[in-house]
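Down below is the structure, laid out as structure tokens.
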Amino acid sequence: MDPPDEAVPCRLKLPATLESLDPFQDFVRGQIRESRCPQETQFKIQLALEEALVNIAHYAYPPGGAGWIELACRLESGGKRLWVEIRDGGRAFNPFERGKPDMTASLDKRQIGGLGIFLVRQMTEKAEYRRDGDTNVLTLQFGLDAAP
Amino acid sequence: MALHVKVWKQREGYFVVSLNGKLDSQTALECEAKLVPLLDGSAKVVLLDMSLLDYISSMGVRLVLKTRKALEAKQSRLIMSNLQPQIAKVFEIAKALPPQAIFASVAEADRYFDVIQRREIEKQSQAGKLT
Chain A
3 MDPPDEAVPC
13 RLKLPATLES
23 LDPFQDFVRG
33 QIRESRCPQE
43 TQFKIQLALE
53 EALVNIAHYA
63 YPPGGAGWIE
73 LACRLESGGK
83 RLWVEIRDGG
93 RAFNPFERGK
103 PDMTASLDKR
113 QIGGLGIFLV
123 RQMTEKAEYR
133 RDGDTNVLTL
143 QFGLDAAP
Chain B
354 MALHVKVWKQ
364 REGYFVVSLN
374 GKLDSQTALE
384 CEAKLVPLLD
394 GSAKVVLLDM
404 SLLDYISSMG
414 VRLVLKTRKA
424 LEAKQSRLIM
434 SNLQPQIAKV
444 FEIAKALPPQ
454 AIFASVAEAD
464 RYFDVIQRRE
474 IEKQSQAGKL
484 T
């Protein structure tokens with residue numbers, strides 16, 4: 003029997019550092035193992051997660067601050083879809099609607115910052131941001147079927 | 354999994370860099386350290402061989418673009434070979450966009466355009482004053 007869509011998601015909470023990337027990736031990989039989705043789909047999930055998590059690790063908290071990231075994920079639609087929610091307690095930041103551009107930053111830096119978020123959009127079926135109290139909530143959805 | 358970088362001289366002034374593993378936020382710095390010695394102008398061509406590279410993130414793309422820029426400043430070239438499909442796709446996404454399209458929002462792109470245009474107009478008007 004497939005679990006219902008309302009299945010309680012699995013959660014993992016770790017420090018908002020680059021060292022947490024691998025444990026988060028392993029955690030999600032473990033969740034989708036049984037879906038046996040194609041390599042291309044696994045690559046997309048890995049890339050979108052990295053870009054989203056690196057963004058938070060770099061920008062959400064003040065340097066040296068003890069920030070956290072909580073990732074929740076579950077399979078939906080009888081295992082045909084992966085739902086991932088990434089929360090952090092950093093400053094309000096909507097990556098899809100960035101505020102004033104930092105005109106003092108080098109052009110390269112701004113372009114690539116934009117590229118990371120652009121890749122998140124390209125690799126997901128759906129990517130949404132919302133502010134929930136004092137928490138940033140990023141929701142990503144992936145289709146686990148073979149890509150067309 | 355990490356990244357293994359091998360650099361060798363293929364010909365005089367022509368270096369091959371073989372990337373094996375993942376080029377991402379965790380490995381880009383160590384990779385950059387291995388590329389820096391090639392950026393002094395003695396290498397006329399640097400080839401990034403990506404046949405064993407199976408993952409790249411925006412940090413990796415950024416390093417490739419930065420390296421290319423540094424080489425071009427010395428009239429040298431960066432070339433790449435054997436991109437796996439998923440790697441090629443990421444470069445395609447990055448390259449298919451004209452630079453101004455990589456901004457995250459229309460407003461940001463607008464402002465960037467405005468600044469460039471204003472500079473251009475200022476330059477022209479100054480040139481006009483001089484003649």
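These protein sequences, in sequence, are chains A and B.
Using the working numbering, the letters of the first sequence correspond one by one to residues 3 to 150.
Using the working numbering, the letters of the second sequence correspond one by one to residues 354 to 484.
Note that CB positions come from ideal geometry on N, CA and C, so glycine has one too.
Determine, for residue i, whether the minimum Cβ-Cβ distance to residues of chain B falls below 7 Å.
{"i": "residue 118 of chain A", "result": "yes"}
{"i": "residue 122 of chain A", "result": "no"}
{"i": "residue 51 of chain A", "result": "no"}
{"i": "residue 151 of chain A", "result": "What is shown of chain A runs 3 to 150, which leaves residue 151 of chain A out entirely."}
{"i": "residue 20 of chain A", "result": "yes"}
What does the alpha-carbon distance come out to for the pair residue i and residue j?
{"i": "residue 50 of chain A", "j": "residue 391 of chain B", "result": "31 Å"}
{"i": "residue 372 of chain B", "j": "residue 477 of chain B", "result": "46 Å"}
{"i": "residue 74 of chain A", "j": "residue 54 of chain A", "result": "14 Å"}
{"i": "residue 437 of chain B", "j": "residue 361 of chain B", "result": "22 Å"}
{"i": "residue 310 of chain B", "j": "residue 48 of chain A", "result": "Residue 310 of chain B falls outside the range modelled here, since chain B spans only 354 to 484, and no answer is possible."}
{"i": "residue 46 of chain A", "j": "residue 125 of chain A", "result": "5 Å"}
{"i": "residue 79 of chain A", "j": "residue 120 of chain A", "result": "26 Å"}
{"i": "residue 13 of chain A", "j": "residue 20 of chain A", "result": "18 Å"}
{"i": "residue 39 of chain A", "j": "residue 31 of chain A", "result": "11 Å"}
{"i": "residue 445 of chain B", "j": "residue 482 of chain B", "result": "44 Å"}
{"i": "residue 65 of chain A", "j": "residue 364 of chain B", "result": "45 Å"}
{"i": "residue 29 of chain A", "j": "residue 35 of chain A", "result": "10 Å"}
{"i": "residue 439 of chain B", "j": "residue 475 of chain B", "result": "44 Å"}
{"i": "residue 403 of chain B", "j": "residue 355 of chain B", "result": "15 Å"}
{"i": "residue 406 of chain B", "j": "residue 44 of chain A", "result": "16 Å"}
Using a Cβ-Cβ distance cut-off of 7 Å, determine whether residue i contacts chain A.
{"i": "residue 437 of chain B", "result": "no"}
{"i": "residue 446 of chain B", "result": "yes"}
To which residues of the same chain is residue i closer than 8 Å at the C-beta, ignoring the five residues directly before and after it?
{"i": "residue 396 of chain B", "result": "366, 367, 368, 424 and 429"}
{"i": "residue 61 of chain A", "result": "92 and 95"}
{"i": "residue 327 of chain B", "result": "One cannot answer for residue 327 of chain B here, as it falls past the ends of chain B, which runs 354 to 484."}
{"i": "residue 11 of chain A", "result": "74, 75, 76, 85 and 87"}
{"i": "residue 22 of chain A", "result": "16, 55, 59 and 71"}
{"i": "residue 25 of chain A", "result": "14 and 16"}
{"i": "residue 127 of chain A", "result": "83, 143, 144 and 145"}
{"i": "residue 435 of chain B", "result": "402, 403 and 404"}
{"i": "residue 137 of chain A", "result": "89, 90 and 91"}
To the nearest whole angstrom, what separates the beta carbons of residue i and residue j, a pair I think is in contact under 8 Å?
{"i": "residue 18 of chain A", "j": "residue 63 of chain A", "result": "6 Å"}
{"i": "residue 129 of chain A", "j": "residue 139 of chain A", "result": "About 12 Å; that fails the 8 Å criterion."}
{"i": "residue 42 of chain A", "j": "residue 410 of chain B", "result": "That belief does not hold up - the Cβ atoms of residue 42 of chain A and residue 410 of chain B are roughly 16 Å apart, past 8 Å."}
{"i": "residue 37 of chain A", "j": "residue 142 of chain A", "result": "Actually they are not in contact, since the Cβ atoms of residue 37 of chain A and residue 142 of chain A sit about 16 Å apart, beyond 8 Å."}
{"i": "residue 443 of chain B", "j": "residue 401 of chain B", "result": "Contact doesn't hold; Cβ gap of about 14 Å is too wide."}
{"i": "residue 69 of chain A", "j": "residue 90 of chain A", "result": "7 Å"}
{"i": "residue 394 of chain B", "j": "residue 422 of chain B", "result": "Not confirmed; about 14 Å, so no contact."}
{"i": "residue 398 of chain B", "j": "residue 447 of chain B", "result": "Actually they do not touch by this definition, with Cβ atoms about 22 Å apart."}
Does the Cβ of residue i lie closer than 6 Å to at least one heavy atom of the ligand ADP?
{"i": "residue 140 of chain A", "result": "Here there are no bound small molecules, and the ligand ADP is not part of this structure."}
With a CB to CB cut of under 7 Å and the five nearest residues on each side skipped, what residues in its chain are close to residue i?
{"i": "residue 412 of chain B", "result": "377, 378 and 381"}
{"i": "residue 135 of chain A", "result": "none"}
I'd like the list of long-range same chain contacts for residue i, defined as Cβ closer than 6 Å, with 5 residues on each side in sequence excluded.
{"i": "residue 132 of chain A", "result": "139"}
{"i": "residue 357 of chain B", "result": "373 and 374"}
{"i": "residue 432 of chain B", "result": "400"}
{"i": "residue 98 of chain A", "result": "131"}
Contact residues within the segment 360 to 380 of chain B, judged by C-beta distance below 8 Å to chain A: Listed by position, the residues of the segment 360 to 380 of chain B near chain A (Cβ gap below 8 Å) are 377, 378 and 379.
Residues in the segment 53 to 78 of chain A having any Cβ partner in chain B nearer than 8 Å: Correct list: 53 and 56.
Contact residues within the segment 398 to 422 of chain B, judged by C-beta distance below 9 Å to chain A: Flagged, chain order: 407, 408, 409, 410, 411, 412, 414, 415, 418, 419 and 422.
Proximal residues, the segment 11 to 39 of chain A versus chain B, C-beta separation under 7 Å: Against chain B - using a Cβ distance shorter than 7 Å - the residues of the segment 11 to 39 of chain A are 20 and 23.
Residues of the segment 122 to 141 of chain A whose Cβ lies closer than 8 Å to any Cβ of chain B, in chain order: Hits within the stretch, in order: 124.
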